[in-house]
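**Student:** Okay, here's the structure, questions in a sec.
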Amino acid sequence: MPYADPRIRRCTVLVAVMNNRADFARAQEEGWYRIPQRHAPRRIGAEYLAFYQTGAFQADGEAHHVAFYAPVRRYHLLTRGELLPSQPDHPRAHEYYFRIDVGPLTRLARPVPARRMRRITFIHTTMGHLLAAEDVKELFYHEDPFERFWQALRAARLRPLSNRIVAGEVMDVTLQARGGYLGIRCREDRRTAEARSRVLAERWETLELEPDMLAGDLNGCLRRVARALLTLGGSDLGNGTG
172 MPYADPRIRR CTVLVAVMNN RADFARAQEE GWYRIPQRHA PRRIGAEYLA
222 FYQTGAFQAD GEAHHVAFYA PVRRYHLLTR GELLPSQPDH PRAHEYYFRI
272 DVGPLTRLAR PVPARRMRRI TFIHTTMGHL LAAEDVKELF YHEDPFERFW
322 QALRAARLRP LSNRIVAGEV MDVTLQARGG YLGIRCREDR RTAEARSRVL
372 AERWETLELE PDMLAGDLNG CLRRVARALL TLGGSDLGNG TG
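Start counting at 1 in the sequence shown, then tack on 171, and there's your number in the numbering used here.
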């Protein structure tokens, strides 16, 4: 992997908890990971998924480390029964889970330990931070630009929705306008033309806001959202979408 490439280092990474060997085997052999919808973070979208391995991996010497990552391919929303049909009588068989399809797992040259922090859920970070970190606590944003953006939308009397899946793509933020929906992806747009057309075929408008723009020009991001909403028959930020 060309770690020196600044575009790669800017890629978004969701660090998720891997707490059992069965789920690790599914990620490694079948290429997918699951997150219960009711326990999902506000944003599951990322270009890569990395795994924080709990004490269940003590025998491998990888407990309490982030040791593996994989590129994200596609998203689904399915019941547990659909994900694991061999367990139809499980008490959560009818509950919804996000299934995240991933590519091959790669082991970090320097796994990131959690020397003091052990109770970890989800962490949004970048590939650059993941490669440079010497402790899991260094992966956290001090001020998450996405969280500032989310709160700014709420302050503008909009009603942002999280983690809506459209044609296999997850929208970090969805806003409803009079003429449809605006899906916002807070990542660099690396999709193929085919992937973009799948979303457009669903009659959604999409907007890409790169992480650097979120961090450095929040007002500019809000203006772009306002213009996109107007194309869908909405109104300006100060007036909501009606």
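Beta carbons: idealized from backbone N, C-alpha and C, even for Gly.
Keep in mind the model is a prediction, meaning the values are calculated, not measured.
Are R178 and G299 touching if we call contact CB-CB under 7 Å?
**Tutor:** Here residue 178 refers to the residue found at position 7 when the sequence shown is read from its first residue. Here residue 299 refers to the residue found at position 128 when the sequence shown is read from its first residue. Going by C-beta atoms, R178 is not nearer than 7 Å to G299.
**Student:** DSSP puts Q347 in a beta bridge; with which residues?
**Tutor:** Position 176 of the sequence shown, counted from the start, is the residue given in the question as residue 347. Beta-bridge pairing links Q347 to Y352.
**Student:** What's the C-alpha gap between V344 and P331?
**Tutor:** In the sequence shown, residue 344 corresponds to position 173, counting from 1. In the sequence shown, residue 331 corresponds to position 160, counting from 1. The straight-line gap from Cα to Cα measures roughly 6 Å.
**Student:** Alpha carbon to alpha carbon, how far is D407 from F222?
**Tutor:** For the purposes of this step, residue 407 is taken as the residue at position 236 of the sequence shown. For the purposes of this step, residue 222 is taken as the residue at position 51 of the sequence shown. Low confidence applies to D407: its pLDDT is 44, below 50, so where it sits in the model is not reliable enough to give any reading.
**Student:** Given that a residue counts as buried once 16 or more other Cβ atoms are within 10 Å of its Cβ, and exposed if not, what is Q258?
**Tutor:** The count along the sequence shown starts at 1 and reaches residue 258 at position 87. It is exposed - the Cβ of Q258 has fewer than 16 other Cβ atoms within 10 Å.
**Student:** Assign F293 to one of three DSSP states: helix, strand, or coil.
**Tutor:** Start at 1 with the first residue of the sequence shown, and residue 293 comes out as number 122. DSSP places F293 in coil when its eight states are reduced to three.
**Student:** Does the distance from the CB of A348 to the CB of G391 come in under 7 Å?
**Tutor:** Within the sequence shown, numbered from 1, the residue matching residue 348 stands at position 177. Within the sequence shown, numbered from 1, the residue matching residue 391 stands at position 220. No, the Cβ-Cβ distance between A348 and G391 is not below 7 Å.
**Student:** Under the three-state reduction of DSSP, which class applies to L393: helix, strand or coil?
**Tutor:** Taking the first residue of the sequence shown as position 1, residue 393 is located at position 222. Note: L393 maps to helix in three-state DSSP.
**Student:** Quick check on DSSP: helix, strand or coil for Y215?
**Tutor:** Here residue 215 refers to the residue found at position 44 of the sequence shown. In the sequence as displayed, the identity of residue 215 is Ile instead of Tyr. Coil at I215, not helix or strand.
**Student:** Give the range of the alpha helix (DSSP H) segment to which E233 is assigned.
**Tutor:** Within the sequence shown, numbered from 1, the residue matching residue 233 stands at position 62. From DSSP, E233 is part of no alpha helix (DSSP H); its letter is neither H nor E.
**Student:** Please list, in chain order, all residues of the same chain as P212 whose beta carbon is under 6 Å from its beta carbon, the five residues on each side excluded.
**Tutor:** Taking the first residue of the sequence shown as position 1, residue 212 is located at position 41. These residues qualify, in order along the chain: F293.
**Student:** Could you tell me which residues DSSP puts in a beta bridge with F320?
**Tutor:** Position 149 of the sequence shown, counted from the first residue, corresponds to residue 320. Partner(s): none; F320 has no beta bridge.
**Student:** Give me, in chain order, the residues of the same chain whose beta-carbon lies closer than 7 Å to that of M384; leave out the 5 immediate sequence neighbours on both sides.
**Tutor:** Position 213 of the sequence shown holds residue 384. Excluding sequence neighbours, M384 sits near G391, C392.
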